[in-house]
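Trainee: In the UniProt record's numbering, the protein residues as written are 1 to 1108. Every residue gets a Cβ at the ideal spot worked out from N, C-alpha and C, and that includes glycine. Nothing here was measured: the structure is a model prediction, and the numbers come from that model.
1. What number of angstroms, rounded off, separates the C-alpha of residue 1050 from the C-alpha of residue 1030?
2. Smallest Cα separation from residue 369: which of 334, 169, 688, 406?
3. I need the straight-line Cα distance from residue 456 to residue 403, nearest angstrom please.
4. Report the CB separation of residue 329 from residue 274 in whole angstroms; it is logged as a contact under 8 Å.
5. Using DSSP bridges, identify the partner residues of residue 105.
6. Could you spell out where the beta strand (DSSP E) holding residue 876 opens and where it closes?
7. Let me check understanding here. Comparing Cα to Cα, which of 1101, 775, 697, 21 lies closest to residue 675?
8. Residue 66 to residue 110, Cα distance in whole Å?
9. Would residue 211 and residue 189 be called neighbours here (beta carbons separated by less than 8 Å)?
10. Can you check DSSP and say which residues form a bridge with residue 909?
11. When you compare only the Cα positions, how much space is there between residue 709 and residue 832?
12. Excluding five sequence neighbours on each side, which residues of the same chain lie with their C-beta closer than 6 Å to the C-beta of residue 854?
13. Looking at residue 261 and residue 255, is the spacing between their C-beta atoms short of 8 Å?
14. Straight-line CA distance for residue 559 to residue 64?
15. Note down the Cα distance separating residue 358 from residue 782, rounded to an integer number of angstroms.
16. Determine whether the beta carbon atoms of residue 867 and residue 835 lie at a separation below 8 Å.
17. The beta strand (DSSP E) that contains residue 265, what's its start and end?
18. Under 8 Å between the Cβ atoms of residue 54 and residue 44?
19. In angstroms, rounded to a whole number, what distance separates the CA positions of residue 849 and residue 799?
20. Return the first residue and the last residue of the beta strand (DSSP E) that residue 169 is part of.
21. For the putative contact between residue 594 and residue 631, defined by C-beta atoms under 8 Å, what is the C-beta separation to the nearest angstrom?
22. Cβ atoms of residue 774 and residue 285: under 8 Å apart, would you say?
23. In angstroms with no decimal places, state the Cα-to-Cα distance between residue 108 and residue 792.
24. Leaving aside the five residues before and after residue 236 along the sequence, list all residues of the same chain whose C-beta is less than 7 Å from its C-beta, in chain order.
25. Examine the Cβ distances between the stretch 428–443 and the stretch 471–483 and report whether three or more of them are shorter than 8 Å.
26. If you count every other CB in all the chains shown that lies within 10 Å of the CB of residue 795, and 16 or more means buried, which is it?
27. Using a threshold of 8 Å, state whether the C-beta atoms of residue 820 and residue 873 are closer than that.
28. Reducing DSSP to helix, strand and coil, say where residue 331 ends up.
29. Run the CB neighbour count on residue 772, radius 10 Å, all protein chains shown included, and call it buried at 16 or more, exposed below.
30. For residue 157, which residues of its own chain have a beta-carbon under 7 Å away from its beta-carbon, when the five flanking residues on both sides are left out?
31. Just verifying my parser: in three-state terms, what is the DSSP assignment at residue 968?
32. Pick helix, strand or coil for residue 687, following the three-state DSSP scheme.
33. Is residue 35 closer than 8 Å to residue 28 when the C-beta atoms are compared?
34. With three or more C-beta pairs closer than 8 Å as the rule, is the stretch 663–677 touching the stretch 635–653?
35. What does a CB cutoff of less than 6 Å around residue 1066 pick up in its chain, not counting 5 residues either side in sequence?
36. Could you tell me if residue 173 is buried or exposed, where buried requires 16 or more neighbouring beta carbons within 10 angstroms of its beta carbon?
Put into C-alpha cells, the structure is as follows:
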C-alpha cells in the first residue's frame, strides 16, 4: 500500500483526508463496490483490461483491504457489476468482456470467493454491463451496451444462474455505457445509454416485461463515456450526469419525471473525464456529482457540490493516480461519511479517498470581550473539573475570564486590569499553591504580569516583572530544572527571547538569547531528546525559524536558523509522524500557508513542506481534533476569520485545509475539551470582532436504517426506521432531521424523536433498491449516512396461477395446477415462504378478495393440497375437484394458491382461477352379454358393470354382425342389466357401457343362440354404486354395493389425506346386493371423501363431496 497526500483545498462540502493506493491488476478499468463476504464492510471488484481478470479486494471496514484475489474472465474485460444472479442470497459478479462478446458470470460463495465462470453471449463488443430487475420478477437481470453492434442486450435471469435467450434493442452510434433507473416514475427500470459516436444519450423506457420501447435521444457533450442517475436537484425526480471525454466537461440533465429532461447544464470538469458518480459526499443530504478525469500525467476526481435545487458549486479537484478510469462512492471506513474509490490504469492501483463529511466543528459561539482580544487560553480556573476561558484584550488593557458550565457554555465574565497592552496569555501555577494563575505578556510595558488565582475562579493583585522590549509571545515552562515554572517571552523590538526564572513567588530577572528579527511566536519542546526543553521561535520579519537548544539550567545555545517562508507568525510543536520526536508547524501569514518541518530527534528538522491554509494564517495549534489517535493541525486565519483544520495521517502528512467560521481577525487558537465529551474544542481570540469564538468539536454519530420488509410489492407501504446514536454531554439524544433516499433519489424526510425517525414509503420502483438514511447533524453532532438497507421491489408478492388442467388418462376428479412462485420464495428474505397451500372454493363461491398480503381466511374454502417451498421459480400440484366435467355442465372448481410465510399469520394469496377435471377413461366393455328368443321377443342380459360412475348402457340393433352402431340404430338407453326387445328373431345386438361423463366402452356383441330358458342367477361382481346424495351435507350418506360371495367385507370412508373417518363391516346379503346409510357422530368437514369397498384382495372405490 502506498500513501499519498492530498493538495490542500479550503472549500465547502467534501473534506478529504489522505489517499491510500492499493494494487489491482494490469490496466484496471471499471470497478463495483458491495459487501461480498457478508461482514458489513464494503469490498471492491475491479476488472483488469490486459490481464483478463477481475480483482476482488475485501475491505477491512477501516478504509483498507484485508486480501486481494484475481479471477480469470475473458478477453478485454471492461465493466463489472455486483448482483445476486442465481437467487442464493449471495452476491455474484458479472463482467463484460469487450474482446469476446460475452458476459462472464462468477458465482459468489458468500465468503468473498467466487466459483468458475460461466459465459453468456451478448452483442458485439460489450463495453458496459449493468444489473437490475427489468421484468419485475424479483430477480436481477443484466443489460449490456454493445459498442460494435450499436445495441443493448437484455439477459433475463431465471433465478438459478441461467439466462433466457438475449433480447437486443437498437441504440445510437457506439454505445459505451448503459445505466438503469426509473426516469419516468412508473416504477419500471429504464435504460440510459451513452452514444460516443454522435454526442447523445438515449433513453429507452422499460415495459416491465424485460423489453424497452422506442429510444429518445438527447444531446450532451462530445464523446460521452459513462453516465450516472441520481436526484441532484432534490425534487425526487432522477437526473442524469454524463462525462464527456472529448471536451473535458460534465453534462447535467435535470429530469422532468416523464422520461425526458427539463434543463441541460454543462460544467468544465478537467482533462479526459470518463466516469461519473452521483452521491452525497459532503454529508449535507444533497446528491453531489463526482467526475473522474484520466488526465495527461496525473488523474484526478472533480467534486461538484450540489445546492439541492439543481445547481452545482465550484468544482474541487483531488489528485488520484495517473490515468484514472472509474470512480465509486461508498463509506469505506464505517464512519458514516462517504468516501471515493478510484481505479488508476497508469499505476495498476485502486485509490481510496476517505471523506470527512461537512466539517469537524460546530458553528461558533461568540463571547464579547474587551477591545482587541489577541490571545486565549482554556484551563480549569476554579477547580470544578470544567474548562474555563481566559482572553487577553490588547486595546482594553484587560484580561477577561469566564467560567465554563461543562457543556460548552461560559458565563460569569470577570475583567482584570493590566498595566499596558497585553499581547499574550498563559495559565500556570507560578506560586506552587495548586491554584492556576494568569500570566500576561505586556508588549507596551516590556514586562510579564501575574494574577495569582485563588483556585475558585478569582484572582489577586497583579504583580509585574521586567522582561524584554515589546514582548509579543509568551510561554511558561520549567527550563531551569528546579521544578518551578519559568516565563519565556519573545521580544519583537530587540529580537530576543527572555527567560524569567520562576522563584515560587514570581519571576527573577530576565536573561536574553538572540533570535531572528522581530520574533512573533515560540514553542517549547524537547527537540533533541535530552530531557531539557528547547525553543522554536518564529520571526515574522524575515520568515525564519530559530531553534535554540536548552541546557536544562535556563540557558540556550546551539542556535540554528531555517527559512520557512515570509511572515512566520505562529509556531507549534507536536509529533505528527509518530516517531517520538517533536515536529514543528509554522503559520506563514503572507502566503496563506503553513510549513511542516519533521524533527530528527537530535534538535534538527527536515525540509519545510508547505500546505495551503486559510486567508492570513496568524497562529497554529496541534491536537487530535477528530479523535482518530493522530495529531491534526488547527490554524487561526486572521483575514478570513476562520479556523482551518488539516487532518494528520499519522505519518507527517496533512490533508486539505477545511475552514470553520469563527469571527473577524482570528489571531490565536487554544484547544481543550469545553463540553466534557472527550473531544478537542477550539477557542479563538478574534481581534477585529472584539470577541472570542468557541467552536465545539462535533460528536460522531452512527445512523442505522431498517426497512419493515426485505421484499415488497410495487406500491406496498414500507416503513423505514432510522436510528441515530452518538452521545454529547448536555445535549441529550440526537435531534434534527433525517432524509431518506432510494439510491440517490430523495424519497422523504422525518424529524428525529428520541434519536429515531420513521418514514412510510410506497415502494415506487421495481428492482433491488438501496435505501439510505442521511442524518444532517444538529450543531453538536456530525451528520452521518447509514449503510444501504436492501429492499427488493417486485411486481407482485403473491404466487401466480399459470395453468389449471385435467390430469390426463385417469378416472377424473383431479386437476394439475401450475403456478409461479412468490417473490418471497428466495434465500435471504426476512420472512421467506415455507409452503404453498392450494385452497378450493365451495361449490358456489363468492368472488374472493385475494391477492393482498396478510389476507384474512377464506370462509368455506378448503385446503386440498400443499407444496413445500424450495426457492424454485415455479411449482405444480395435483388437487381434487368435487365433480368432473360432463355433458350437463362444466363443473369447474375454483382454486387459490396461498404462499404461507415463516411469520405466523402472514400469507399471500394468488388471484382465483378455475379449472375442471375430466373422467377420460371409458368403462369396461360389458361382460356376459347374451341373448335368447322366446315369447315373441329377444331377451338380453349381461353382467352389471362395477364402474363407480356408470351412467347407463346404450343398445344398438342391426341385421348383420358387421353393422356399425349409430344414432339411427340405437334402440334403448338402459340403466339395468337386462332388456327385452319385442320382434322377430335373428337380429344382432351391440351393447356399450356409458359413464356419467359420456365415456363409452367398446361394444359387446350378441345374437339369439337358442330358445328362452329359465334365467339362471348370474353371479354378482364386487360393485360399489355412487354414494347418495352427492354432494352431501356431511350428516349422512347412503352407499349401495354388491358382493360376489358371503365372505367378510368392509366399507370405509377416507378423507383426502387418507385418514379413515368412517368404517363399517359388511355381511353378504342373500341377494348379493345391499345398501347402508352412514351417519357420523359429528358432521363431516367440507371436502372430498373416498369410499372404499374391500372383500379379500378385491377393492372398489367411489367418491363424494361434503359442502355446506
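Mentor: According to the structure shown:
1. 21 Å
2. 688
3. 10 Å
4. With 8 Å as the limit, residue 329 and residue 274 do not qualify as a contact, their Cβ atoms being about 16 Å apart.
5. 94, 118
6. 874–880
7. 697
8. 16 Å
9. no
10. 898
11. 11 Å
12. Its pLDDT being 40, under 50, residue 854 is placed unreliably by the model, and the measurement read from it follows with that caveat. Once the five neighbours on either side are set aside, the close Cβ partners of residue 854 are 906.
13. yes
14. 43 Å
15. Its pLDDT being 47, under 50, residue 358 is placed unreliably in this model, and the coordinates cannot settle the point.
16. yes
17. 261–268
18. no
19. Model confidence at residue 849 stands at a pLDDT of 42, short of 50, so the residue's coordinates are unreliable; what they give is reported in the following sentence. Residue 849 and residue 799: Cα-Cα distance of roughly 15 Å.
20. 167–170
21. With 8 Å as the limit, residue 594 and residue 631 do not qualify as a contact, their Cβ atoms being about 14 Å apart.
22. yes
23. 19 Å
24. 745, 746, 747
25. yes
26. buried
27. yes
28. coil
29. buried
30. 85, 139, 140, 141, 163
31. helix
32. helix
33. no
34. yes
35. 1049, 1051
36. exposed
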